[in-house]
Amino acid sequence: MLFYFSATGNSKRTAEIIAERTGDRLVSVSGALASGAFSYDASGDERIGFVIPTYFYNPPKAVLRFVENLEIEGAGGKYAYVVLTLGTRTGTAGRSLAKALAEKGVDVVAQFCVRTQYTYIPSLEIPGDDELNTILDEADADSEKIAAQVEAFEKGDFNRFAGTVAAAVSPSMKAAYDKASATSNFTLSGTCDGCGLCAKVCPDGIIGICEGRPVWNSDSCTLCLACLHRCPRAAIDLGESTVGKRRYVNPRTGMPDGPI
Ligand SMILES: Cc1cc2nc3c(=O)[nH]c(=O)nc-3n(C[C@H](O)[C@H](O)[C@H](O)COP(=O)(O)O)c2cc1C
Ligand code: SF4
Ligand code: SF4
Numbered sequence: 000m001l002f003y004f005s006a007t008g009n010s011k012r013t014a015e016i017i018a019e020r021t022g023d024r025l026v027s028v029s030g031a032l033a034s035g036a037f038s039y040d041a042s043g044d045e046r047i048g049f050v051i052p053t054y055f056y057n058p059p060k061a062v063l064r065f066v067e068n069l070e071i072e073g074a075g076g077k078y079a080y081v082v083l084t085l086g087t088r089t090g091t092a093g094r095s096l097a098k099a100l101a102e103k104g105v106d107v108v109a110q111f112c113v114r115t116q117y118t119y120i121p122s123l124e125i126p127g128d129d130e131l132n133t134i135l136d137e138a139d140a141d142s143e144k145i146a147a148q149v150e151a152f153e154k155g156d157f158n159r160f161a162g163t164v165a166a167a168v169s170p171s172m173k174a175a176y177d178k179a180s181a182t183s184n185f186t187l188s189g190t191c192d193g194c195g196l197c198a199k200v201c202p203d204g205i206i207g208i209c210e211g212r213p214v215w216n217s218d219s220c221t222l223c224l225a226c227l228h229r230c231p232r233a234a235i236d237l238g239e240s241t242v243g244k245r246r247y248v249n250p251r252t253g254m255p256d257g258p259i
């Protein structure tokens, strides 16, 4: 059983590469949150995996919310692993997820990482196609290697991008994450045509469409940026920090009009 959370496709792509090799069944955390599917039976599974992005050196809030509600049968003694996708450093994101999973009887024995395109565009630009393709080729190659390790039930910490300084500052990064994820930070331009895609893709289910415009029905969110990146009219911004910047979805995986 392989759980994945993904807003812009990087983690989904890695999860698909692993599942193709291991034959493990894929479970979308966003889909599970949307349908309220929190109970699973892992008795017939050989492995339990989680592939998730890193947000401010932490797991996405939506993932922790899913794990808090998770009930999983037959997890005891199973090979369990975490794969973090990232752009720069992971800090203690993997350790935090492993701790949350331990409380559910899932004993994480292997940690992996895949460096890929960084999606938090307030602090960076998405590169042009050539550079992007090089980044995605490397990410796919790393995902293939991890798939082989997972298939062979390898144990250990294979995350080479945790970063010692990053790990030390991870707790303060949680406060930065909370501050950045205030929905009052979102701004909407006049190009919005009310198509409603942002509401469909939000894993928190907090966007409503009111008089043809999105409204955020909560003070804060997971900050996955699915709404911002996937808006067909680039109408959603985080203030000036994202205006005019290229949007991104991983072009190597499917992007349904709903939770991915
Ligand atoms: C709010 C936010 C915070 C992020 N913080 C980090 C970070 O602390 N370290 C890092 O390496 N990448 C960070 N990233 C980049 C993502 O972890 C990375 O691009 C990931 O592959 C996106 O996965 P997805 O396409 O499956 O959603 C951040 C992205 C977002 C949206
Ligand atoms: S996806 Fe974009 S264009 Fe469509 S409703 Fe949302 S903000 Fe408006
Ligand atoms: S409001 Fe946007 S950034 Fe926040 S969780 Fe929903 S889709 Fe992600």
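End of the sequence shown sits at 259 in numbering that gives the first Met the number 0; the numbers just go up one at a time, nothing left out.
Note that CB positions come from ideal geometry on N, CA and C, so glycine has one too.
In this text, all values refer to a predicted model and were calculated from it rather than measured experimentally.
Pairing Leu1 with Ala18 gives a Cβ-Cβ distance under 8 Å.
According to the DSSP assignment, Ala109 belongs to the beta strand (DSSP E) that extends over 107–114. Residue Gln116 holds the alpha-carbon nearest to the alpha-carbon of Pro250 among Ala74, Gln116, Thr221, Ser38. Judged by DSSP secondary structure, Ala175 falls outside any beta strand (DSSP E) and instead within the alpha helix (DSSP H) spanning 163–179. In the three-state reduction of the DSSP assignment, Ala79 falls in the strand class.
Around the beta carbon of Val242, fewer than 16 other beta carbons lie within 10 angstroms, which makes this residue exposed.
In the three-state reduction of the DSSP assignment, Val66 falls in the helix class, which pools H, G and I. For ligand 1, no non-hydrogen atom lies closer than 7 Å to the CB of Lys60. In the DSSP assignment, Asn216 forms no beta bridge with any residue. Its chain contains Arg232 as the residues whose beta carbon lies nearer than 7 Å to that of Asp192, once the 5 sequence neighbours on both sides are disregarded; these appear in chain order. Inclusion of Phe160 and Arg114 in the CB contact set at 8 Å is warranted, their separation being smaller than that value. Ligand 1 never approaches Gly211 closely enough for any of its heavy atoms to be under 7 Å from the residue's Cβ. Leaving aside the five residues that flank Pro121 on each side, the residues in its chain whose CB is nearer than 7 Å to its CB run, in chain order, Leu237, Ser240, Thr241. Comparing alpha carbon positions, the residue from Tyr39, Ser38, Ala41, Ile47 closest to Ala14 is Ile47. Residue pairing by DSSP places Arg46 opposite Tyr78 in a beta bridge. For Ser27, the enclosing beta strand (DSSP E) has its first and last residue at 25–27. The alpha-carbon separation between Glu124 and Gly76 amounts to approximately 43 Å.
In this structure Ser183 is not in contact with Asp203, their Cβ atoms being roughly 15 Å apart against a cut-off of 8 Å. Segment contact: the region 54–70 against the region 88–102, three or more CB-CB distances shorter than 8 Å; contact assigned. Put simply, the backbone Cα of Pro213 is about 8 Å away from that of Leu187.
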